[in-house]
Amino acid sequence: HMVAMKRTMSYCVATPERGLVIKPKRKWDGNPEFLFGIEGHSDSDFSKDESCHSVSGCVVEVEGVPVCERSRLQRIIALSVTEAELIAATETAQDMLYTKRLLESMGLKVKLPMILNVDNKGCVDLIHNWNVSGRCRHMTVKRATW
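In this note's numbering, the protein residues as written are 42 to 187.
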């Protein structure tokens, strides 16, 4: 662990220009009528693991500041890139709703609609309930393998 820590620390010292920039798009002045903007970004890598599980990644931002980041193996095995992207988008939407409810529980207001950015056209078509193909109809039938 000590070797890994020293390697990480030397990387941080050698690359001071890299990292997260935490700079909000707008500043809150304490006004109770201020509407906070929530935005999400999702992506997936189809079947990159030896177990054929895809990897989901997501970021949820409040006013441009990341508040939730995640990258993990998907719980079910996706049969297509579109399906893997849909699973990642669904997980991101769940995190966005959690963030919205958290802000509202503190008495703050959230700007609607919230924006979810997805980079797969087939996934966007499925989200809009447009017919893409017959292969994605029975996604809820599949079960997790672990």
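The beta-carbon is built from N, C-alpha and C at its ideal position, and this holds for glycine as well.
Rounding to the nearest angstrom, what Cα-Cα distance links residue i and residue j in this structure?
| i | j | result |
| --- | --- | --- |
| residue 72 | residue 137 | 23 Å |
| residue 109 | residue 134 | 12 Å |
| residue 166 | residue 103 | 26 Å |
| residue 96 | residue 118 | 10 Å |
| residue 98 | residue 58 | 23 Å |
| residue 186 | residue 162 | Any reading at residue 186 must be qualified, since the residue scores a pLDDT of 44, below 50, and its modelled position is unreliable; the value itself is stated next. So the alpha carbons of these two residues sit roughly 28 Å apart. |
| residue 154 | residue 141 | 11 Å |
| residue 139 | residue 88 | 28 Å |
| residue 70 | residue 130 | 32 Å |
| residue 47 | residue 56 | 14 Å |
| residue 114 | residue 94 | 6 Å |
| residue 83 | residue 160 | 8 Å |
| residue 168 | residue 50 | 42 Å |
| residue 91 | residue 147 | 43 Å |
| residue 123 | residue 61 | 29 Å |
For residue i and residue j, which I take to be in contact (beta-carbon distance under 8 Å), what is that distance rounded to the nearest angstrom?
| i | j | result |
| --- | --- | --- |
| residue 157 | residue 77 | Not really, about 16 Å apart at Cβ, beyond 8 Å. |
| residue 80 | residue 150 | Residue 80 to residue 150, Cβ: 16 Å. No contact. |
| residue 65 | residue 106 | 5 Å |
So which of the options has the shortest CA-CA distance to residue i?
| i | options | result |
| --- | --- | --- |
| residue 128 | 92, 146 and 86 | 86 |
| residue 116 | 122, 123 and 132 | 132 |
| residue 152 | 44, 52 and 67 | 67 |
| residue 121 | 164, 43 and 170 | 164 |
Check your understanding: Along the chain, which unbroken stretches of the alpha helix (DSSP H) at least 4 residues long are found entirely within the stretch 45 to 102?
Key -> none
Point to revise | Length at least 3, wholly inside the stretch 134 to 173: the beta strand (DSSP E) runs in chain order | key: Qualifying beta strand (DSSP E) stretches, in chain order: 156 to 159.
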